[in-house]
Ligand SMILES: [Zn+2]
């Protein structure tokens, strides 16, 4: 069953990240419990505008982060503690959300080539971009020093305001233990060997684990008896 979501409340990042953290924690020991914990948001699809992979719907003034290599994005997200520099809310990297969609393809829909109504709103509420502090179009570099972690949705909000009108990020101290579910990432990928279906190439999750420096997790994937496919 599909539930169309047309607008997100201000607390959407906290709401979705809290549920997905519980799901990820339960997953290694009980798929059934994880599935049950996902129920409150299962089958939601986002009907609003969306920026994924630097693609923007017509009319939306969102700066692309396409020019930033994945390994630099990973470095920026790690440095910023997976917290959005705009709203100070929790982020979950898209690759980890995709791993969850691999396990729960119907409850947490994902479509790599976004179309309205095909992707769970958690992607819009939680996935970060590496946002240029000084805009790329204005000569800003794509080095980590000129990049900051920002929700795609917050990037859109920021783009619609003058820089001087940006509210200061507050509340980050409440998220000191937040890791964007990175410590759960390998377990989620492993669960995808038993349940659901893959949305990406076999190298996608191993590459991101490498970008995040999770080499022991990478070893766990390689030694798992099930092929990553
Ligand atoms: Zn944000």
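In full-length UniProt numbering, the protein residues as written are 1 to 229.
Virtual Cβ for every residue (Gly too), placed ideally from N, Cα, C.
- The beta carbon of residue 211 lies closer than 6 Å to those of 70, 71, 74 in the same chain, with the five residues before and after it left out.
- If the five residues before and after residue 184 are omitted, its C-beta is found closer than 6 Å to the C-beta atoms of 24, all from its own chain and listed in chain order.
- Annotation: residue 206 to residue 189 spans about 9 Å, alpha carbon to alpha carbon.
- Nearest Cα to residue 155 within the set 131, 111, 76, 209: 131.
- For residue 150, the distance from the CB to the nearest heavy atom of ligand 1 is below 8 Å.
- Just so you know, the alpha carbons of residue 8 and residue 18 end up roughly 15 Å apart.
- DSSP places residue 68 outside any alpha helix (DSSP H), giving it a letter other than H or E.
- With a cutoff of 9 Å on beta-carbon distance, residue 125 and residue 153 are scored as near each other.
- Relative to ligand 1, the beta carbon of residue 153 is positioned inside 8 Å of a heavy atom.
- In this structure, ligand 1 has no non-hydrogen atom nearer than 8 Å to the beta-carbon of residue 48.
- Collapsing the DSSP output to three states places residue 130 in a strand.
- For the pair residue 151 and residue 128, the CB atoms are nearer than the 9 Å cut-off.
- A contact is defined here as three or more CB-CB pairs under 8 Å, and the segment 33 to 44 meets this definition with respect to the segment 104 to 113.
- In the structure shown, residue 124 falls within a helical segment according to DSSP collapsed to helix, strand and coil.
- Runs of the beta strand (DSSP E) lying entirely within the segment 139 to 222, each at least 3 residues long, are 147 to 151 in chain order.
- If you compare the alpha carbons of 102, 103, 137, 97 with that of residue 122, the shortest gap goes to 97.
- Inter-residue distance for residue 148 and residue 87 is about 12 Å (C-alpha atoms, whole angstroms).
- Residue burial is scored here from C-beta neighbours: residue 44 has at least 16 other C-beta atoms within 10 angstroms and is therefore classed as buried.
- Note that the C-beta distance between residue 42 and residue 192 is not below 9 Å.
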